[in-house]
Amino acid sequence: MAKLFWRPFPCPDYDLEGTESWLEAMAGRGYFLRKARFGLAGFCKGAPAPVRYRLNATRGTVLEDNWSAPDGEEAALSAAAGWHCVCARGKFFIYACGDAAAPELHTDPAVQALQLKSIRTDAYAAVGTALFFAAFYPLLWFHGRMWRLLAALPQYLLALGLVSALGLGLALCRALYLWGLARRLRRGQAPVRGVRQRRRGLWLQGVQAAQLAALALLAIALFARRGVPAAQPLPGYTAPLPFATLADLAGGGTVEWDEEDNYIHNTVTVSRTLTAPAVYDFEQHAAIRQEGRPVLRGGLYVDYYETRWEWLAERVARELRAGWLRPGDAAPLTLEGIDEAWWTDAPYGQLLLRRGCRVMSVTFFTADGRGLTLAQALPVFVERFLAG
Amino acid sequence: MPKKALESLTESMFYVLMTFSAAECCGAEAAQFVAARTGGALRLGPATLYTILAKFLEVGYLAETGVEGRKRTYAITAAGRAAYTAELARLQRIVADAAAAAALPYAAKALPEGGGAHGEAVLAPLPLP
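Residue numbers (our numbering), protein chains in the order written: chain A, 639 to 1026; chain B, 95 to 223.
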């Protein structure tokens, strides 16, 4: 079998005019198409010759057997007219004809427009799908946590947004091209082949490659958990924290950590991102002992964000409060030096404080329910938050 | 169930229906018939012919009557014949209109109030030199 020279197609599979123009130019340089695989064209080398290439939309689906090769009647009619199907690419069969006297494959542009109808319908449906994944799906999926994700994992959110936006852009380009082509065909204008058509698809291929690369990088990063901070055990964690812990609430003492299981953890996750210089996810279950006896036993969960912009902190605060068990029960507080404060004590104490770009949501409970109340602990939380 | 009928027939489609209204035949014979009938003025490209055959099968203008290897034979249906007859009548009316217009002495031609013979808008005649 003759050696194949592989070249990337310079235009998307639906770009009928670009593909036909490029293949004819390649034949003029002695490269004749033999195969098409994964966006690559396999050529065999020969003496340059004028060969016409035409794309003919397939009528089948991937589940039918007329997907990879034209059916018998189509092949017979084409062969009788001097055309042969070289290979399939996307939803098109690529036909070639070296006989200049042979009739065109398509002699009626309006009929060709009719033939492209299912491909156009697919393209319009693809715009709908891309729109769903670029706009509505994130709204549904990220609803209630988008701003927190933007603060804690901005690189993933931005990469996902980029991939979705590129996908939507590409789907729109495809739909617009096919719509425009069908309109011209219906007006009786035959497809145009030339240098301009060859080059037009190049940037689209570039965008498609960028989208695939971004998607691959995103998948690799997610798989490797790059940029996702790891939780550190609290026992032994000595760095200062910008908020009060159980020991601060008790006014000092020794910490006796509760034994960890599926529900009880003593961890802190600290991260620094492009959009938030400090993000803490803190979870503490412990008893505080003073002079050998326990003075406070309970749990403390803190979500703390120091964002780069105040508007982001405001939105993060709103999301944090919306995530409370009973956000409707939350009551506003007026505290000196605090821009925004909310609290509730049912079924357990929850407190939200925001000052400028810093925001903190606290969930606090004591083990027997009769210990320190949130109202009593409030001054300590506020003092440490302001000092932090 | 056949899909919605075609809104209009192109010249190629009309000739294909004409072929099958004359006789039951296969695609290649239809292409030869059209080329012969038009004196070579209209040659149906294979993709055009194949698309028309597929579309006519889809809308119920043609029915497959036999398969012999890669050759399929088709016959026109009542719906196909009706579509052909309607298009033929439309074209005959156009030709008749054109003939009638040509027969009128241009300068003496009196345009009917508000439009042509079929109620369509007509342009005012240019003044003769």
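Just so you know, even glycine gets a beta-carbon here, dropped at the ideal spot from N, CA and C.
Nothing here was measured: the structure is a model prediction, and the numbers come from that model.
- For Gly139(B), at least one C-beta of chain A is nearer than 8 Å to its own C-beta.
- Residue state for Gln870(A) is assigned as strand, using DSSP reduced to three classes.
- Between Trp980(A) and Pro970(A), the beta carbon gap of about 6 Å places them in contact (Cβ cut-off 8 Å).
- Against chain A, the CB of Thr104(B) has a partner CB under 8 Å away; the residue lies at that interface.
- With respect to Thr911(A), Ala869(A) sits apart: the two C-beta atoms are not nearer than 8 Å.
- For the pair of segments examined, the stretch 801 to 809 of chain A was found to touch the stretch 842 to 850 of chain A: the number of CB pairs separated by less than 8 Å reaches three.
- For Leu182(B), no CB of chain A lies under 8 Å from its own CB, so it is not counted at the interface with that chain.
- Within chain A, no C-beta atom comes nearer than 8 Å to that of Gly174(B); the closest sits roughly 16 Å away.
- The criterion of a C-beta distance shorter than 8 Å is satisfied by Gln922(A) and Leu884(A).
- Looking only at Thr1011(A), Leu856(A) and Leu671(A), the smallest Cα-Cα distance to Pro985(A) is reached by Thr1011(A).
- Asp746(A) has a beta carbon lying within less than 8 Å of a beta carbon in chain B.
- Annotation for Ala882(A): no beta strand (DSSP E) segment contains it, and DSSP assigns it neither H nor E.
- With a threshold of 8 Å between beta carbons, Ile188(B) makes no contact with chain A.
- The alpha-carbon separation between Phe730(A) and Ala714(A) amounts to approximately 17 Å.
- Each residue's CA atom was taken as its position, placing Lys673(A) and Gly736(A) some 17 Å apart.
- Taking the C-beta atoms as reference points, Trp721(A) is found nearer than 8 Å to Ala740(A).
- Residue burial annotation: Ala751(A) is buried, with at least 16 other C-beta atoms found within 10 angstroms of its C-beta.
- Judged by beta-carbon spacing, Pro648(A) lies beyond the 8 Å limit of Gly666(A), meaning their Cβ atoms are not closer than that value.
- Excluding residues up to 5 positions away in sequence, Leu138 and Leu143 lie with their Cβ nearer than 6 Å to the Cβ of Ala125(B) in the same chain.
- With a threshold of 16 other beta carbon atoms within 10 Å, Gln988(A) meets it and is buried.
- Taking CB atoms only, Pro829(A) has no neighbour in chain B less than 8 Å away.
- In the three-state reduction of the DSSP assignment, Val997(A) falls in the strand class, which pools E and B.
- Per DSSP, the unbroken alpha helix (DSSP H) holding Pro140(B) starts and ends at Pro140 to Val153.
- Taking a Cβ-Cβ threshold of 8 Å, the residues of chain B close to Ala713(A) are Arg164, in chain order.
- The continuous stretches of beta strand (DSSP E) do not include Asp191(B), which lies in the alpha helix (DSSP H) extending over residues Ala172 to Ala197.
- The three-state reading of DSSP puts Ile732(A) in strand, counting E and B together.
- For Trp949(A), DSSP assigns no beta-bridge partner whatsoever.
- For Pro708(A), the number of other beta carbons within 10 angstroms of its own is at least 16, and it is reported as buried.
- Ranked by Cα distance from Met664(A), the options Tyr652(A), Lys683(A), Pro650(A) and Ala748(A) are led by Lys683(A).
- Against Ile146(B), the close residues of chain A are Val749, in the order they occur along the chain (beta-carbon pairs closer than 7 Å).
- Counting C-beta pairs with one atom in each stretch, the stretch 885 to 903 of chain A and the stretch 916 to 931 of chain A have three or more that are closer than 8 Å, which means they touch.
- Here the alpha carbon of Arg675(A) sits roughly 51 Å from the alpha carbon of Ile188(B).
- Here Thr767(A) is exposed: its Cβ has fewer than 16 other Cβ atoms, across all protein chains shown, within 10 Å.
- Here Thr876(A) is exposed: its Cβ has fewer than 16 other Cβ atoms, across all protein chains shown, within 10 Å.
- The alpha-carbon of Ala141(B) is positioned some 53 Å away from that of Leu791(A).
- If you draw a 10 Å sphere on the C-beta of Lys641(A), you find fewer than 16 other C-beta atoms in it, and that means exposed.
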